[in-house]
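Chemist: Residues 111 to 560, numbered by our numbering, are exactly what the sequence shown covers, in order. For every residue, glycine included, the Cβ atom is placed at its ideal position computed from N, Cα and C.
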Amino acid sequence: MSKRYFGTDGIRGQANKFPMTAEVAMKVGMAAGMSFHRGKHRHRVVLGKDTRLSGYMIENAMVAGFCAAGMDVFLLGPVPTPAVAMLARSLRADIGVMISASHNPYHDNGIKLFGPDGYKLSDEIEGRIEAMLDEEIEIKLADTDSLGRAKRVDGVHDRYIEFAKRTLPRSMSLSGLRIVIDCANGAGYKVAPAALWELGADVVTINDEPNGFNINQECGSTHPESLQKKVHEVRADVGIALDGDADRMLIVDENGSVVDGDQIMAMIAESWNQSGRLAGGGIVATVMSNLGLERFLGDIGLSLQRTKVGDRYVVEHMRAHGFNVGGEQSGHIVLSDFSTTGDGLVSALQVLACVKRAGKPVSEVAKKFEPVPQVLKNVRFSGDKPLENALVKSAIEDARSRLGSSGRLVIRPSGTEPVIRVMAEADDPTLVETVVDDIVGVIAELKSAA
111 MSKRYFGTDG IRGQANKFPM TAEVAMKVGM AAGMSFHRGK HRHRVVLGKD
161 TRLSGYMIEN AMVAGFCAAG MDVFLLGPVP TPAVAMLARS LRADIGVMIS
211 ASHNPYHDNG IKLFGPDGYK LSDEIEGRIE AMLDEEIEIK LADTDSLGRA
261 KRVDGVHDRY IEFAKRTLPR SMSLSGLRIV IDCANGAGYK VAPAALWELG
311 ADVVTINDEP NGFNINQECG STHPESLQKK VHEVRADVGI ALDGDADRML
361 IVDENGSVVD GDQIMAMIAE SWNQSGRLAG GGIVATVMSN LGLERFLGDI
411 GLSLQRTKVG DRYVVEHMRA HGFNVGGEQS GHIVLSDFST TGDGLVSALQ
461 VLACVKRAGK PVSEVAKKFE PVPQVLKNVR FSGDKPLENA LVKSAIEDAR
511 SRLGSSGRLV IRPSGTEPVI RVMAEADDPT LVETVVDDIV GVIAELKSAA
């Protein structure tokens with residue numbers, strides 16, 4: 111059954127339009143609150159957000175919903191998504207909520223839900239919550255004398271900073287590194303620079319003045335140009351770009367070149383394998399990760415397990431099969447020895463640890479393989495199920511035949527916006543560009559005809 115509210119990463123959409131309205135947010139609070147009642151104790155939820163203007167509206171609506179369901183709400187304010195996951199466990203909460211649309215622009219927002227173990231909810235639990243959203247659930251709400259309370263939690267940033275610092279060996283110092291940190295005017299704008307400075311780095315911070323509208327605006331992991339420029343300007347050793355909710359990051363080396371999530375996973379996997387820390391005999395990534403990563407891992411005796419797109423599915427596979435390193439090309443890196451979800455700051459610290467141990471420039475440490483030529487293009491489509499159209503199917507079959515066994519083709523609807531993503535990779539860059547353009551062209555023609 112298709113979902114009406116939940117996508118690949120919680121609920122997401124344009125703020126103040128369905129499904130990201132105050133009414134839906136309140137109902138999500140009610141439904142999620144009732145779904146996580148366990149026993150007779152006072153139930154609690156930790157609720158964080160990023161820096162979007164609409165966060166105030168969604169936060170207050172969810173507080174009303176949770177209180178109506180009889181849950182006490184611990185308000186964290188603007189914090190990274192991984193801090194919510196960590197504090198859900200640390201504060202023995204029954205559920206954790208992050209109000210964020212991640213890397214999307216300010217006019218979007220979203221709701222991410224975590225269980226008491228700090229992991230994102232399964233499809234099954236999301237389905238149960240979704241089924242309740244269109245029901246008359248008022249009769250199931252808490253009695254008047256059992257309503258929840260809401261309060262702000264002090265010291266949240268300090269707790270998360272200490273957690274992140276403890277992921278490095280106690281003797282590890284970042285002294286001698288000049289680091290530029292791009293906070294994307296988002297949820298990590300206070301904690302990330304502070305953690306790096308406390309670890310001894312010379313820190314230059316950019317995009318750390320959120321105003322409700324500038325989150326991810328020409329900055330952060332989806333727009334690294336300003337970070338590249340700043341790294342050159344201040345002659346930094348490395349740049350770190352977070353996204354709006356700080357659960358992903360990308361690196362910029364001393365030359366201004368971007369290091370994506372595939373290279374970061376390769377670096378950490380090799381380092382952890384050499385130290386005997388790597389579990390599972392490899393890593394977990396999605397179908398979007400570059401073929402070059404798979405070849406590199408194979409050359410050093412490690413495997414690459416692929417899942418569908420979404421860090422939640424990466425984590426589920428890691429848990430089921432005993433892996434402790436996984437992630438996405440976009441920079442969601444999951445290190446399950448430390449976190450239950452992607453964590454931009456913790457992942458960056460592991461990269462910096464590799465750099466310090468090697469005593470070499472980032473450009474030498476971080477470039478582990480030559481990526482296979484890969485093209486990813488998005489095509490908007492508002493009609494019904496374009497991938498089931500006969501012409502589109504024929505174009506896809508033709509593309510697979512032309513790529514053969516030495517290439518890959520991935521076509522999927524986005525779970526966060528109304529587009530079809532078409533990705534192909536092979537050693538022949540001209541062939542890759544051609545097959546992607548052919549498929550995109552067929553889908554675009556369907557859109558025009560509609």
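If we ignore side chains and look at the alpha-carbon of each, how far apart do V138 and M172 end up?
Modeler: Here residue 138 refers to the residue found at position 28 of the sequence shown. Here residue 172 refers to the residue found at position 62 of the sequence shown. Distance between the alpha carbons of V138 and M172 is about 7 Å.
Chemist: Out of V456, E234 and V313, which one is the CA nearest neighbour of S285?
Modeler: On the sequence shown, position 175 is the one that residue 285 refers to. When only C-alpha atoms are compared, the closest one is V313.
Chemist: Assign L501 to one of two classes, buried (16 or more other C-beta atoms within 10 Å of its C-beta) or exposed (fewer than that).
Modeler: On the sequence shown, position 391 is the one that residue 501 refers to. Exposed, because fewer than 16 other Cβ atoms sit within 10 Å of the Cβ of L501.
Chemist: Counting C-beta neighbours from all protein chains within 10 Å, is the total for H151 16 or more, i.e. buried, or is it exposed?
Modeler: Start at 1 with the first residue of the sequence shown, and residue 151 comes out as number 41. H151 comes out exposed.
Chemist: So, under 8 Å CB-CB, F479 and A376 are touching, yes? Tell me the CB distance rounded to an integer number of Å.
Modeler: On the sequence shown, residue 479 is found 369 positions in, with the first residue counted as 1. On the sequence shown, residue 376 is found 266 positions in, with the first residue counted as 1. F479 to A376, Cβ: 6 Å. Contact.
Chemist: Evaluate the contact criterion for the stretch 447-467 versus the stretch 258-265: three or more CB pairs, one atom per stretch, below 8 Å.
Modeler: Touching, no.
Chemist: Using only alpha-carbon positions, find the residue among S164, L401, T191 and L412 that is nearest to Q439.
Modeler: As a first step, residue 439 is located in the sequence shown; it is residue number 329 there, counting from the start. Per the Cα distances, L401.
Chemist: What are the start and end residues of the alpha helix (DSSP H) that includes Q460?
Modeler: Within the sequence shown, the letter at position 350 stands for residue 460. From DSSP, the alpha helix (DSSP H) with Q460 extends over G454 to A468.
Chemist: Assuming V546 and V485 form a contact by the criterion Cβ under 8 Å, report the distance between their Cβ atoms to the nearest whole angstrom.
Modeler: The residue given as residue 546 occupies position 436 in the sequence shown. The residue given as residue 485 occupies position 375 in the sequence shown. 5 Å between Cβ atoms; contact.
Chemist: To the nearest angstrom, how far is it from the Cα of G143 to the Cα of K127?
Modeler: Translated into the one-based positions of the sequence shown, residue 143 becomes position 33. Translated into the one-based positions of the sequence shown, residue 127 becomes position 17. Their backbone Cα atoms lie some 23 Å apart in a straight line.
Chemist: Among D119, G165 and G180, whose alpha-carbon lies nearest the alpha-carbon of A141?
Modeler: In the sequence shown, counting from the first residue as 1, residue 141 sits at position 31. If we check each option's Cα against that of A141, G180 comes out closest.
Chemist: With 16 as the cutoff for other CB atoms within 10 Å, does K495 come out buried or exposed?
Modeler: As a position in the sequence shown, residue 495 is number 385, starting the count at 1. When all chains shown are included, K495 counts as exposed.
Chemist: If we ignore side chains and look at the alpha-carbon of each, how far apart do D447 and R422 end up?
Modeler: As a working note, residue 447 is residue 337 in the sequence shown. As a working note, residue 422 is residue 312 in the sequence shown. Straight-line Cα distance between these residues: approximately 16 Å.
Chemist: Quick one: give me the first and last residue of the beta strand (DSSP E) that V362 is part of.
Modeler: Locating residue 362 in the sequence shown gives position 252, where the first residue counts as 1. Note, V362: beta strand (DSSP E), M359 to V362.
Chemist: Under 6 Å Cβ to Cβ from S336, same chain only, skipping five residues before and after it: list those, please.
Modeler: Position 226 of the sequence shown holds residue 336. Excluding positions up to five away in sequence, the list reads C329.
Chemist: Let me check understanding here. Comparing Cα to Cα, which of Q460, T540, D218 and G120 lies closest to N326?
Modeler: For the purposes of this step, residue 326 is taken as the residue at position 216 of the sequence shown. Checked all of Q460, T540, D218 and G120; the closest Cα to N326 is D218.
Chemist: Taking A195 and F224 to be in contact with their CB atoms under 8 Å, please state how far apart those CB atoms are, rounded to whole angstroms.
Modeler: Here residue 195 corresponds to residue number 85 of the sequence shown, with the count starting at 1. Here residue 224 corresponds to residue number 114 of the sequence shown, with the count starting at 1. Right, the Cβ-Cβ distance comes to about 5 Å (below 8 Å), so this counts as a contact.
Chemist: How big is the Cα-Cα spacing for S331 and G366?
Modeler: Locating residue 331 in the sequence shown gives position 221, counting from the first residue. Locating residue 366 in the sequence shown gives position 256, counting from the first residue. Roughly 14 Å separates the two Cα atoms.
Chemist: Please classify Q384: is it buried, with 16 or more other beta-carbons within 10 angstroms of its beta-carbon, or exposed?
Modeler: For the purposes of this step, residue 384 is identified with residue 274 of the sequence shown, where counting begins at 1. When all chains shown are included, Q384 counts as exposed.
Chemist: By the 10 Å Cβ neighbour count, where 16 or more other Cβ atoms means buried, how is K300 classified, buried or exposed?
Modeler: What you label residue 300 is simply residue 190 of the sequence shown in a count that begins at 1. Answer is buried; the Cβ neighbour count reaches 16.
Chemist: Would you call I361 buried or exposed, if buried means 16 or more other Cβ atoms sit within 10 Å of its Cβ?
Modeler: In the sequence shown, the residue the question calls residue 361 occupies position 251. I361 comes out buried.
Chemist: With DSSP as the reference, label H333 as helix, strand or coil.
Modeler: For this step, residue 333 is matched to residue 223 along the sequence shown. DSSP places H333 in coil when its eight states are reduced to three.
Chemist: Would you kindly work out how many angstroms separate the C-alpha atoms of S399 and I378, rounded to a whole number?
Modeler: Taking the first residue of the sequence shown as position 1, residue 399 is located at position 289. Taking the first residue of the sequence shown as position 1, residue 378 is located at position 268. Distance between the alpha carbons of S399 and I378 is about 15 Å.
Chemist: By how many angstroms is the C-alpha of A356 removed from the C-alpha of P192?
Modeler: Translated into the one-based positions of the sequence shown, residue 192 becomes position 82. Translated into the one-based positions of the sequence shown, residue 356 becomes position 246. Going from the Cα of P192 to the Cα of A356 covers about 8 Å.
Chemist: Tell me the DSSP bridge mates of G392?
Modeler: Taking the sequence shown and counting its residues from 1, the one referred to as residue 392 is at position 282. Answer is S413, bridged to G392.
Chemist: Taking Cβ positions, are P129 and G165 nearer each other than 9 Å?
Modeler: Within the sequence shown, numbered from 1, the residue matching residue 129 stands at position 19. Within the sequence shown, numbered from 1, the residue matching residue 165 stands at position 55. The answer is no: Cβ separation not under 9 Å.
Chemist: Straight-line CA distance for L445 to N499?
Modeler: If you number the sequence shown from 1, residue 445 lands on position 335. If you number the sequence shown from 1, residue 499 lands on position 389. Approximately 40 Å between the Cα atoms of the pair.
Chemist: Between which two residues does the beta strand (DSSP E) containing F448 stretch?
Modeler: The residue given as residue 448 occupies position 338 in the sequence shown. Segment: none, F448 is in no beta strand (DSSP E) and carries neither H nor E.
Chemist: Quick one: what's got a C-beta closer than 6 Å to W307's C-beta in the same chain, skipping five residues either side?
Modeler: Locating residue 307 in the sequence shown gives position 197, where the first residue counts as 1. Excluding sequence neighbours, W307 sits near V313.
Chemist: How should F406 be labelled, buried or exposed, when 16 other C-beta atoms within 10 angstroms of its C-beta is the threshold for buried?
Modeler: Counted from its first residue, the sequence shown places residue 406 at position 296. Under this definition F406 is a buried residue.
Chemist: If we call anything under 9 Å between Cβ atoms a contact, is P226 one with F146?
Modeler: If you number the sequence shown from 1, residue 226 lands on position 116. If you number the sequence shown from 1, residue 146 lands on position 36. Yes, these two residues count as a Cβ contact at 9 Å.
Chemist: Where M111 and I374 are concerned, what is the direct C-alpha to C-alpha distance, given to the nearest angstrom?
Modeler: On the sequence shown, residue 111 is found 1 positions in, with the first residue counted as 1. On the sequence shown, residue 374 is found 264 positions in, with the first residue counted as 1. Its pLDDT being 46, under 50, M111 is placed unreliably in this model, and the coordinates cannot settle the point.
Chemist: Drop a sphere of 10 angstroms on the beta-carbon of A274, count the other beta-carbons inside from all chains shown, and report buried for 16 or more, exposed for fewer.
Modeler: Start at 1 with the first residue of the sequence shown, and residue 274 comes out as number 164. That one is buried.
Chemist: Identify which residue in G391, H153 and L462 has its Cα closest to the Cα of I428.
Modeler: Walking along the sequence shown from the start, residue 428 turns up at place 318. Before going on, a small fix: residue 428 reads as Met here, not Ile. When only C-alpha atoms are compared, the closest one is G391.
Chemist: Bridge partners for R531 per DSSP, in chain order?
Modeler: The sequence position of residue 531 within the sequence shown is 421, counting from 1. Partner(s): N488 and R522.
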